[in-house]
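A.B. asks:
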Amino acid sequence: MELKLRNGDYVPDGTGSVIRLEGEQALLQRVLFRLKAHRGSFPFWNELGSRLWQLGRLPARERQTAAKQYVTEALSAEPGLRVESVELSQSGDGSGELTVGLSCLDEPLTVMLELHE
């Protein structure tokens, strides 16, 4: 069981405690955290996070391949989770959307993430 986070803060449940997540919801929160956190920004856990924030530094033709590599790398420590697909759609200003197809114990999951330049 994990505590629900929103914008880096625990989410209160209205009774003086915090909301707890289990199962798929806890997994999805961990996945989003691992994808959004900048890899190397945690001094005692350098492998946590992804390099997705670096996509804008690459030529446009290399970004799809790099996005798949960065997602796979970021989620490799999550037991039982497989990256099935990574779709990157970008607009002209460098922002975009990443759709990640996952499977965990043969259950399909989809995560969408906005990317900003």
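Per my numbering, the sequence shown runs over residues 29 to 145. We treat Cβ as the ideally placed atom computed from N, Cα and C, and that holds for glycine.
(1) Would you say the region 85–101 touches the region 112–127, given that touching needs at least three Cβ pairs under 8 Å?
(2) Counting C-beta neighbours from all protein chains within 10 Å, is the total for Y98 16 or more, i.e. buried, or is it exposed?
(3) With DSSP as the reference, identify every bridge partner of Y38, one or two as the case may be.
(4) Compare the C-alpha of E75 against each of L83, R62 and A54 and name the closest.
(5) S78 and R67: beta carbons closer than 8 Å?
(6) Taking E15 as the reference, which of R58, G44, L83 and A95 has the closest Cα?
(7) Report back the beta-carbon spacing between L56 and K32 to the nearest angstrom; my notes put them in contact at under 8 Å.
C.D. replies: With the structure as the only source:
(1) yes
(2) For the purposes of this step, residue 98 is identified with residue 70 of the sequence shown, where counting begins at 1. Result: buried.
(3) Within the sequence shown, residue 38 is the residue found at index 10, counting from 1. Answer by DSSP bridge pairing, in chain order: L33.
(4) Counting from 1 along the sequence shown, the entry for residue 75 is found at position 47. Residue R62 is the option with its Cα nearest to E75.
(5) Reading the sequence shown from its first residue, position 50 is the one you call residue 78. Reading the sequence shown from its first residue, position 39 is the one you call residue 67. For S78 and R67, yes; Cβs fall inside 8 Å.
(6) Any answer about residue 15 is impossible in this case: the structure gives the chain only from 29 up to 145.
(7) Reading the sequence shown from its first residue, position 28 is the one you call residue 56. Reading the sequence shown from its first residue, position 4 is the one you call residue 32. Actually they are not in contact, since the Cβ atoms of L56 and K32 sit about 11 Å apart, beyond 8 Å.
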